[in-house]
Ligand code: RB5
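Numbering (my numbering), first residue to last: 1281 to 1429.
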């Protein structure tokens, strides 16, 4: 799968390990930065880059990292077609895809360590939307909200 990853300075400590993990699992990684640690960078800039990659079909899924994961998820969810979930437990990391068709996993590098982050990413990328009628109905209702209907 083609997977985009991006982080601000708060998420920076997790990114390199997750890129390696994704590559070791056979995924194609689109690394949208930050490419060096800059304590003054801003998470919405990375949410924009990652969300744009999803919108343009340059990546099927995204992983977005900040300090808590909260700012990343708030910003990413402002972008049309992006469904971002902040998941710090393994159940949510896969269920968010299976039921809600989440396409961006947000993680907070100040909250979780590299081992849990790796398990969460594996659960997220290994999951598929079930397409069951009730989930499709809810997804369409979410899309109506996004469209202001
Ligand atoms: C950056 O210091 C921090 O505020 C940001 O990474 C994130 O945690 C926001 O939710």
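The beta-carbon is built from N, C-alpha and C at its ideal position, and this holds for glycine as well. Computed from a predicted model, the values in this text were never measured in an experiment.
Beta-carbon proximity list for residue i, same chain, < 6 Å, skipping 5 on both sides
i, result
"residue 1294", "1345, 1389, 1397"
"residue 1281", "1307, 1340"
"residue 1288", "1321, 1323, 1326, 1346"
"residue 1364", "1353, 1356, 1357, 1384, 1386"
"residue 1419", "1381"
"residue 1379", "1415"
Range of the contiguous beta strand (DSSP E) that encloses residue i
i, result
"residue 1282", "1282-1287"
"residue 1308", "1308-1311"
"residue 1364", "1364-1366"
"residue 1342", "1341-1346"
"residue 1388", "1384-1388"
Enclosing alpha helix (DSSP H) for residue i [first to last residue]
i, result
"residue 1414", "1413-1426"
"residue 1351", "1350-1356"
"residue 1401", "1394-1406"
"residue 1299", "1292-1304"
"residue 1377", "1370-1380"
"residue 1337", "No alpha helix (DSSP H) holds residue 1337; DSSP gives it neither H nor E."
Cut-off 8 Å between Cβ atoms - residues of its own chain near residue i, not counting five sequence neighbours on either side
i, result
"residue 1360", "1335, 1426"
"residue 1303", "1309"
"residue 1292", "1314, 1317, 1345, 1389"
"residue 1333", "1284, 1310, 1312, 1339, 1342"
"residue 1368", "1349, 1387, 1388, 1391, 1392, 1396, 1400"
"residue 1370", "1399, 1400, 1403"
Cβ-Cβ distance between residue i and residue j below 9 Å
i, j, result
"residue 1374", "residue 1339", "no"
"residue 1329", "residue 1286", "yes"
"residue 1391", "residue 1428", "no"
"residue 1337", "residue 1362", "no"
Cut-off 7 Å between Cβ atoms - residues of its own chain near residue i, not counting five sequence neighbours on either side
i, result
"residue 1377", "1404, 1407, 1408, 1409"
"residue 1299", "1285, 1309, 1311"
"residue 1430", "Outside the displayed range of the chain (1281 to 1429) lies residue 1430, so it cannot be described from this structure."
- request: Count the C-beta pairs between the stretch 1337-1352 and the stretch 1377-1385 that are closer than 8 Å, then say yes if the count reaches three, no if not.
  value: yes
message: Can you confirm whether the stretch 1308-1321 touches the stretch 1407-1415 when touching is taken to mean that 3 or more C-beta pairs between the two stretches lie within less than 8 Å?
response: no
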